[in-house]
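If you're matching positions, the sequence shown starts at 173 in this note's numbering and goes up one per residue. The C-beta atom is built at its ideal place from N, Cα and C for all residues, glycine as well. Worksheet: the structure to be examined is printed underneath.
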Amino acid sequence: MHEAEAKKYFPEPVRSYLFDKGGYDIAYRLLANDPEVSLDQPYPDNGSVSAQAVGNMDQVIRDLDDGTKGSGCSFTYCAIAAEFLPRYPDRALYQFSMGAFSTVNWILKRVYNKDERLTVLSRTQVLAVGRKDGGRSVDSLTVRDCFGTEKKIPVGKATVILSAGTIGTAAIALRSNIDGNRGLVGKGLMDHDIWGTRFEVLQNKDTAALHNQPLRLQSWVRFNPGDDFVLLNITVNANTFLGQTQEERFPTIYLDEGLGQMSEVDFRGALGSNMGKSTIQVVFEFCAPFEDRNKVLNLPEPATTIEVQHLKDNSSYVPAMQLLSQAIGTVLAVQLLDRLKRIPSRGVADQTASTTEQEKQQVSDREKYPPVSQLCCSRPASCCINPTTWVTCSCKSPRKQSCPCRGGTSTWPPRPQRVPLPTLSKAGFGAVAHEVGTMRMGEDGSGVVDENLRVSGVDNLYICDLSVFPVSPAANPTLTLAALAQRLGSHLLGMGQ
173 MHEAEAKKYF PEPVRSYLFD KGGYDIAYRL LANDPEVSLD QPYPDNGSVS AQAVGNMDQV
233 IRDLDDGTKG SGCSFTYCAI AAEFLPRYPD RALYQFSMGA FSTVNWILKR VYNKDERLTV
293 LSRTQVLAVG RKDGGRSVDS LTVRDCFGTE KKIPVGKATV ILSAGTIGTA AIALRSNIDG
353 NRGLVGKGLM DHDIWGTRFE VLQNKDTAAL HNQPLRLQSW VRFNPGDDFV LLNITVNANT
413 FLGQTQEERF PTIYLDEGLG QMSEVDFRGA LGSNMGKSTI QVVFEFCAPF EDRNKVLNLP
473 EPATTIEVQH LKDNSSYVPA MQLLSQAIGT VLAVQLLDRL KRIPSRGVAD QTASTTEQEK
533 QQVSDREKYP PVSQLCCSRP ASCCINPTTW VTCSCKSPRK QSCPCRGGTS TWPPRPQRVP
593 LPTLSKAGFG AVAHEVGTMR MGEDGSGVVD ENLRVSGVDN LYICDLSVFP VSPAANPTLT
653 LAALAQRLGS HLLGMGQ
């Protein structure tokens, strides 16, 4: 989450904890299970990649910044929020070398195995919390077991923390007649807009970029002065982590090795030979203030019902998003074919060890004349370099405004100046389970819960899930929620609970 967003919507003590007191880094170390990492360095060198790989990826960021100049973009590495699926441990998609963190199964197993006092009551649903005579303390929980039997469990002097999610927690609160403040319980349900597009680039399997490892980059952008910041996410080889299905996915442009556009049928056919692919996904995540017409309904039905009447319309930004996506796709597609495919993986034999003298000269040429924007800034370097044999022409002056070889001295058909202008689509409401609100936090009694996540008017009832967010942030809320959970834990320890 951008700090300006936190300052605008979150209570000041929470913003200070996240940004001034290292709350985000503390949470990231927990989720990454690594005491040495930080958000400033989410991809630490753990021996699986080489210094050359780091240098090449740093150059990618510089080229992206150049390719999007004027947009305000400044790209950085960031972690990939992904759940490790034990059913498919051998799939390359899940073989992360570094920088990834789990959000569900793995962390639950780790916590459960380390905590002797933790008891999990499985196949049991919490229906309501009880207060004697509507008092200020929760004294019981009403639950339903796997046989459909409802039971009331006394809690004694325990502190109760609800973590049933944005929909589930609100439903429990409504059934429990917890009014909160100003009738806000269950209201404000919101999910941020997510717009995206994809590029799939055909590559030789033996030189596939990044060795099929995922890479994620991000930048904050503002389309208009005064707007909330928009998170611009780029993922390479990790597109399936964004909640898509076979029936609904972002529009995709298919590119051959010369960056020419292909049909999906031809692209899939080429994959059947000795060809692989790299996938570039560009995603824009918007901040979304609450809308009280969107709410969880308290109806006498087995399944909770929600009502979504209004969502913020960000379609006016589509032309700007298209141009940015085109610029990003152009830079990264060239990099995937040229620079990134030369990244070695530790333990892999040097690919140039047994090459011929001609091949060694080609490797030397690649290092002397980088294949991206360092040659002709008025046109991609494809007019100066043969992508197949790396034969260089006479245009070797960096940042030359006019290219003397524009007439086409290269034997390879020049690459297009840019990839085609992409189409973007919007993910559906709740597509990635980022819905927030319904039990929003606020200072000075302005929210359902206070800055310490305690429910207004109830002494021993706290909430710790996405329902407490006071805005739908322009980011994956997982790390923020982990930080809020750690802050709540410290608060309760300080109170001796």
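Checking 9 Å against the spacing of the C-beta atoms, do Gly337 and Ser639 come in under that value?
yes
Same chain, Cβ closer than 6 Å to Thr527, neighbours up to 5 away in sequence not counted:
With a pLDDT of only 39 at Thr527, under the threshold of 50, the placement of this residue in the model should not be trusted; the figure read from the coordinates follows. So the list is empty, once near-sequence residues are dropped.
Through-space distance from Ile339 to Leu593, alpha-carbon basis
38 Å
Tell me whether the beta-carbon of Leu508 lies closer than 9 Å to the beta-carbon of Gln375.
yes
Which runs of the beta strand (DSSP E) spanning at least 3 residues fall entirely within the stretch 398–469, listed in chain order?
402–408, 424–427, 447–457, 467–469
Which partner residues of Gln375 appear in the DSSP bridge assignment?
Gly448
Are there 16 or more other CB atoms within 10 angstroms of the CB of Glu457, so buried, or fewer, so exposed?
buried
Does the Cβ of Pro552 have 16 or more other Cβ atoms within 10 Å, making it buried, or fewer, making it exposed?
Confidence is the limiting factor: at Pro552 the pLDDT is only 38, short of 50, which leaves the residue's position unreliable, though a coordinate-based value still follows. Buried, by the Cβ-count rule.
Every unbroken beta strand (DSSP E) within the stretch 299–331, with a cutoff of 3 residues, ordered by chain:
310–316, 322–326
Leaving aside the five residues before and after Glu623 along the sequence, list all residues of the same chain whose C-beta is less than 7 Å from its C-beta, in chain order.
Pro183, Pro185, Val186, Met613, Glu615
Taking the alpha-carbon of Lys193 as reference, which of Gly666, Gln658, Asp287, Thr314 has the nearest alpha-carbon?
Gln658
Apply the 10 Å Cβ neighbour rule to Ile325 and answer buried if 16 or more other Cβ atoms are within range, or exposed otherwise.
exposed
Ser497 burial status per 10 Å Cβ neighbour count (16 or more: buried)
buried
Separation of Lys281 from Met229, as counted between CA atoms
34 Å
Go through its chain and collect everything with a Cβ distance to Thr323's Cβ below 6 Å, but skip five positions before and after it.
Just to set this straight, residue 323 is Lys in the shown sequence, not Thr. Cβ within range, chain order: Val315.
Short check: CB of Lys408 to CB of Gln453, under 9 Å?
Looking at the sequence itself, residue 408 is Val, so the reference to Lys does not match. It is a contact, given that the beta carbons lie within the stated cut-off.
Using only the alpha-carbon positions, how far apart do Met667 and Ile333 sit?
15 Å
Quick check on Pro207: buried or exposed, where buried means 16 or more other Cβ atoms within 10 Å of its Cβ?
exposed
Please list the terminal residues of the continuous beta strand (DSSP E) segment that includes Tyr634.
633–635
Inter-stretch contact (C-beta, 8 Å, three-pair minimum) for the stretch 600–611 and the stretch 354–362:
yes
Suppose the cutoff is 6 Å on Cβ atoms and the five residues either side in sequence are ignored; what does the same chain contact list for Gly307 look like?
none
Exposure of Ser488, with buried meaning 16 or more beta-carbon neighbours within 10 Å:
exposed
Which ranges would you report for the beta strand (DSSP E) in the stretch 615–669 if only whole runs of at least 3 residues count?
633–635
Under three-state DSSP, which class holds Leu202?
helix
Quick one: residues in its chain with C-beta nearer than 7 Å to the C-beta of Val468, no 5 flanking neighbours on either side, listed in chain order?
Ile339, Ala342, Ala343, Leu346, Gly358, Leu361, Thr476, Ile478, Thr610
Roughly how many angstroms separate the alpha carbons of Gly441 and Thr369, rounded to a whole number?
22 Å
Express the C-alpha separation of Ala647 and Arg394 in angstroms, rounding to a whole number.
14 Å
Below 9 Å between beta carbons: does that hold for Thr502 and Gly239?
yes
Span of the alpha helix (DSSP H) holding Thr338?
337–347
Going by Cα to Cα distance, which pick from Thr595, Asn349, Arg303 is closest to Val490?
Thr595
Under a three-way DSSP split, which group does Lys598 fall into?
strand
Keeping to the same chain, check which residues put their C-beta closer than 8 Å to that of Arg626; ignore five residues upstream and five downstream.
Leu633, Tyr634
Check whether the Cβ atoms of Thr650 and Tyr196 sit closer than 9 Å, and answer yes or no.
no
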